[in-house]
Structures are given as C-alpha cells and as structure tokens.
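If you count the sequence shown from 1, position 60 lands on 60 in the working numbering, and the numbers rise without skipping.
Ideal Cβ placement from N, Cα and C applies to all residues, glycine included.
These numbers come from a predicted model, not from an experiment.
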Amino acid sequence: MTALEPWGAQWDSCTTRERSLNRFSKGWHRYLLLATPELHRVFLIHSWNGDIAYILYNDQRPHTEEKRQLDDLGHECGHTKGVVLLDKTQGYWLVHSTPHFPPVKDVGQYSYPESGVPNGQNFICVTYPLEFFQTIGEQLQINQPSVYDCDVPDSLASLLPALNAVCKKSREQLVNGSFLHSKPASNRSIALTSLGGTEFISFAKGRSFKNDLYHSWVAPSLQSNLLVQFWIRSTGILPSNCTLGWKVLNIKVISLGDRVTFGVAKDHSKWAVSTTGGGLDGAAGWVCVGDINRDEAEESRGGGTVCLQDAAVWKAYRTAAVDCEMCDGETSKCDVTAGGRMNGYASVAPRVAT
1 MTALEPWGAQ WDSCTTRERS LNRFSKGWHR YLLLATPELH RVFLIHSWNG
51 DIAYILYNDQ RPHTEEKRQL DDLGHECGHT KGVVLLDKTQ GYWLVHSTPH
101 FPPVKDVGQY SYPESGVPNG QNFICVTYPL EFFQTIGEQL QINQPSVYDC
151 DVPDSLASLL PALNAVCKKS REQLVNGSFL HSKPASNRSI ALTSLGGTEF
201 ISFAKGRSFK NDLYHSWVAP SLQSNLLVQF WIRSTGILPS NCTLGWKVLN
251 IKVISLGDRV TFGVAKDHSK WAVSTTGGGL DGAAGWVCVG DINRDEAEES
301 RGGGTVCLQD AAVWKAYRTA AVDCEMCDGE TSKCDVTAGG RMNGYASVAP
351 RVAT
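What follows is the structure, given as structure tokens:
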C-alpha cells in the first residue's frame, strides 16, 4: 500500500498494486501501478543531471544486467528499503517494501522489478524541506540500511553530515561485524513536517533495540491499539500481543472493496492502523507505513515506520483490515474486545523524541 505527498503539496493519495485512495474519494479505486506519481518520482534519479543528493537502500538489492543480484549483507543490515533524493531546497523520502527496487542510477532508466508484482507492496513518499534531511540521515544511521547506490555532492555534504556519512561509510560495508554508520542510539522517534504542512512521525530502530517495533514502542508511543499487516511467510512470526496495556493484533484477511479480498500470505506490505479514530472529531486515527515485519529475527535488525493522522487515510486502512489473529490465537473480526485498553486512541499527544 502507498501513502504519498506530491512535490510541494499536501498528502494526496494512497495506492496499492491494483487500488488507490484519493483523499477526496470515498473508497479504493483501480490504479495502474507504474503510473503512480510516487513511483515516477524515482525517474528523477535516472534523468536529473543537476546538483542532487540521493541514497538508494534495500536489504534485497536489485539485479544487475547480468541477472546476478548485487552483493548483499545478509541479516547484518537493517530490514529496510527506501530512497532519499533532494536538491538545495527540498527533497523526498520514500519508504517501501519492494525487493530489488529501484535500479541503480547508472542503469539510466526507471524500471519496476518482477519480484514486486506477485504480492502486495507499500510505499510512502513524502516531500520535505531541506532542513529535515539531516534528521532523516540520523534516522537512517540508526536503521543501518544496506546502501547500494548513493551520491552526496560537496555542496550538500557540509549541510547534511549525517546523510553524507550514510553514503560515504556504506561503501566500506562491515568493520568488526558492525556498520560504521550505526548510531549509539538503539531507537528514536522524531516529528517531521512535510513541505505541504502535514505532520509525520518517523520511528527508527537499530540492531541493539532487540524488540518488536510495534508492540514495544509504536503502540505505547501513539497510545493506540494497532492492527498490523506484515509478511507472514517467514519463520519466527510473533503472535498477536495484548500485554503492556496495548493490543497489537496481526491482520489475517484484507479487503479493498468491490470483491477484492485476500489473505495476508499474498501481501508483502508492512503497515499498521489504530483500531479507532482520534482527534477532535474522532475520525483521524493513526496509519503507519514502513519496512519491517513482526518476527523474531527482525527484533534484532534495523527498520522503522512513518506514521500520520488523517481521517481519509485512516478510514481506508481501518476498513481494509477484516480478520485478525486474537491474542488467544483464534481468528476473528478485527475488533478490540475484552482485556487491555478498550480505546485505540487516547486524547494526549504521542511521545516523540526531540
């Protein structure tokens, strides 16, 4: 699934591989994947010859023309995927779930990998003013991403030392079993304001966090019960958890309307939605889109999620979650019932590190 913010505008739409949500629409509609504006933003990397900085990172790196996958770093790197692109005034940060995406800049053209087609994926692409990219660089340092292509020109390196360090030191890969660009902090959440004025919260964790992102941190920080979608076709999947005062339930079945219903075994996306709305009118619940799963191995890997409150986005994601795994192991409708906190939202500000 996708949440995006057009260049210089406020949040505009959410997209899946086959469906999209416009903030002015009343539900999901068909959308051609390769025509989505947020994916076409990646074209800028392959066509823009101006003075720009970019970082491409993916724990499953793209294939070369010889069809050989670029060297990866196994489970040492963060389970994190994304693109950072900016000039001297603004740029975007794309967080996604698609393996082998996007191609390196030297390929010279944009393409979408076949590996991203069979299963559902998610993207969140937000445009930020230049001043936020030092902070974004620090978040990436915590995430410990596997960077496979990057460039930060001298004109921007002095302004964005953290982003420059992620690019420069990533080429050195591992030294003594740890990433050179890793930060001492095990995790950090920060507030980001888009170019259009929308507020987001970025949650970034590193290897030393050694815990589930959603249950141990995001849910209590947002003070919300969460329904979580992630890739379940792996070992060590974490069960739904109702301890610590907040419920985090694994989604089992998703529906996008118009008879488009499928089990999560066909969905590689990673997102979470609060069980109820919040805000003054009770309509704007939390939606988080990220790149890490709920499994034992990824408790000790970097990754994160980006969250926002928006009534249209929340309604679309909340209604998409149909069946969930309850904390007793049974599958039922995605409603929070007995035990724990009954409300998915508390009328206090989320805890965000400064």
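Asked: Spatial neighbours of PRO350 in its chain, beta-carbon cut-off 7 Å, leaving aside the 5 residues before and after; Found: In this prediction, PRO350 scores a pLDDT of 48, lower than 50, which makes its location untrustworthy; no coordinate-derived value is stated.
Asked: Three-way DSSP call (helix, strand, coil) for VAL260 in this model; Found: coil
Asked: Delimiting residues of the alpha helix (DSSP H) encompassing LEU159; Found: Premise fails: LEU159 is in no alpha helix (DSSP H) and is neither H nor E.
Asked: Span of the alpha helix (DSSP H) around TRP231; Found: From DSSP, TRP231 is part of no alpha helix (DSSP H); its letter is neither H nor E.
Asked: Integer Cβ distance of ASP267 from ASN119, believed to fall under 8 Å; Found: 6 Å
Asked: C-beta contact flag for GLY78 and ASN164 at 9 Å; Found: no
Asked: As assigned by DSSP and simplified to three states, the class of GLN90; Found: strand
Asked: Helix, strand or coil at ALA9 according to DSSP, with G and I counted as helix; Found: With a pLDDT of only 31 at ALA9, under the threshold of 50, the placement of this residue in the model should not be trusted; the figure read from the coordinates follows. Reduced to three states, the DSSP call for ALA9 is coil.
Asked: Close Cβ partners of GLU199 (< 8 Å) along its chain, the five nearest in sequence each way excluded; Found: ALA191, LEU192, THR193, LEU308, GLN309
Asked: Sub-9 Å separation of ALA53 and LEU195 beta-carbons; Found: no
Asked: Contacts around PRO113, its chain only, beta-carbon distance under 6 Å, and the 5 residues preceding and following it disregarded; Found: HIS100, PHE101
Asked: Cβ neighbour criterion (16 or more within 10 Å) applied to THR275; Found: buried
Asked: Proximity of GLU296 and GLY236 at Cβ, strictly below 9 Å; Found: yes
Asked: Selected residue, minimal CA-CA separation from THR239, among LEU86, ASP212, GLY197, ASP149; Found: A small correction: the amino acid at residue 239 is Pro; Thr does not occupy that position in the sequence shown. For the residues LEU86, ASP212, GLY197, ASP149, the minimum Cα distance to PRO239 belongs to ASP212.
Asked: Per-residue DSSP class, three states only, for PHE200; Found: strand
Asked: PRO371 - partner residues in DSSP beta bridges; Found: There is simply no residue 371 to check, as the chain begins at 1 and stops at 354 in what is shown.
Asked: Buried versus exposed, by CB contacts within 10 Å (16 or more), ARG301; Found: buried
Asked: N-terminal and C-terminal residue of the alpha helix (DSSP H) that THR319 is part of; Found: 311 to 320
Asked: Spatially closest choice to GLY82 from ASP323, ILE292, PHE209, TRP314, by CA coordinates; Found: ILE292
Asked: 9 Å Cβ cutoff met for TRP314 and LEU226; Found: no
Asked: VAL84 beta carbon less than 9 Å from that of LEU159; Found: no
Asked: When CYS324, LYS270, ALA316 are compared against TYR124, the one with the closest alpha-carbon; Found: Looking at the sequence itself, residue 124 is Ile, so the reference to Tyr does not match. When each option's Cα is compared against that of ILE124, the closest is LYS270.
Asked: Local conformation of ASN138 per DSSP, three classes; Found: With the sequence shown as reference, residue 138 is identified as Glu, and Asn is not the correct amino acid for it. Note: GLU138 maps to helix in three-state DSSP.
Asked: Exposure of THR127, with buried meaning 16 or more beta-carbon neighbours within 10 Å; Found: buried
Asked: From SER115, PRO161, LEU56, ASP323, residue whose alpha carbon lies closest to that of ASN250; Found: ASP323
Asked: LEU222 - containing alpha helix (DSSP H), residue span; Found: 219 to 222
Asked: Whole-number beta carbon distance between GLY290 and GLY304, since they are thought to touch under 8 Å; Found: 6 Å
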